[in-house]
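One structure is given below, encoded as C-alpha cells.
Right under this line is the structure:
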C-alpha cells in the first residue's frame with residue numbers, strides 16, 4: 001500500500017525520509033482521514049445548507065424540504081450513518097498530531113480559497129437576487145394566470161348553471177305544450193266523433209222527415225187530382241146551367257113578346 005503524504009504550507013510535498021516522517025500516515029490510518037474528511041464535508045454541507053436557508057428563498061426552501069423528505073423515505077441518512085459506523089472499529093482513536101496537521105492543512109486550503117469563495121458568494125448572491133426577482137415575477141404571473149383561470153372557471157360554471165336553468169325551463173315548457181297538444185287532440189277527436197254521431201242522427205231525422213214529406217206530397221197530389229176532377233165536373237155543370245139559363249131566358253123573352261102582340 002502506498003503511504004500518503006501531507007502537503008506543506010509552501011506547496012512542496014513532504015519527504016518520506018526527512019523531517020516530515022512524523023506526518024506519514026500509518027497503514028490503516030487512511031480510514032481515519034476519510035472519516036475526518038467526511039466530518040469536514042458534513043460540516044461544510046451543514047453550513048452551506050444553513051446559509052441557503054438564511055437567504056429565505058421560496059423555491060430553495062421547497063427544494064430542501066423535498067430533498068429531506070426523499071432522503072428520509074429512501075433512508076439516505078441511515079446509509080451515511082452506516083458508513084461512518086463501519087469506520088468506527090478501525091478509527092477508535094485518531095492521532096492528535098495527525099488531526100491537528102490535517103485540520104491545519106484544510107484550514108490553509110480554505111484560507112487560500114476564501115477570497116475566491118467570497119467573490120463567488122457575492123456573484124452568487126447577486127445571481128440569487130436576480131433569480132429571486134425573476135421567480136417573484138414568474139410567481140406573480142402564475143398567480144395572475146391562476147386568478148384568470150379561476151375567473152374563467154367561475155364564469156363557465158355560471159354559464160353552465162344558466163344553461164341548465166334555461167334547458168329545464170324549455171323542457172318544462174315543451175312538456176306543458178305537449179300535454180296541451182294531447183288534450184287538444186283528444187278534444188278534437190271527441191268533437192269529430194260527436195259531430196259524426198250528431199250528423200248521422202240529423203241525417204236520419206231529415207230522411208224520416210223527407211219520407212213523411214213525400215207521403216204528404218203524394219197525398220196532396222191525390223187530393224189535387226180529386227179536386228181537379230171535382231172542379232172539372234163543377235165547371236161542366238156550371239156551363240150546362242148557364243146554357244139552360246140562357247135558353248130559358250130566351251124562351252121567356254119570346255113568350256113576353258108574343259103576349260104583347262096579342
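In UniProt numbering, the protein residues as written are 1 to 262. Using N, Cα and C, we set each Cβ at its ideal position, and we do this for glycine too.
Unbroken alpha helix (DSSP H) runs of no fewer than 4 residues, entirely contained in the stretch 120 to 171, are not found. CA-to-CA, the gap between residue 125 and residue 156 works out to about 45 Å.
Between residue 128 and residue 57, the CB-CB gap stays under 8 Å. Under the three-state reduction of DSSP, residue 57 is assigned to coil, being neither helix nor strand. Linking residue 46 to residue 151 through their CA atoms gives a straight-line distance of about 45 Å. Taking C-beta separations shorter than 6 Å and ignoring five residues to either side along the sequence, residue 163 has no partners in its chain. Residue 180 and residue 169 have their alpha carbons spaced roughly 16 Å apart. When rounded, the separation of the alpha-carbon atoms in residue 187 and residue 204 is 25 Å.
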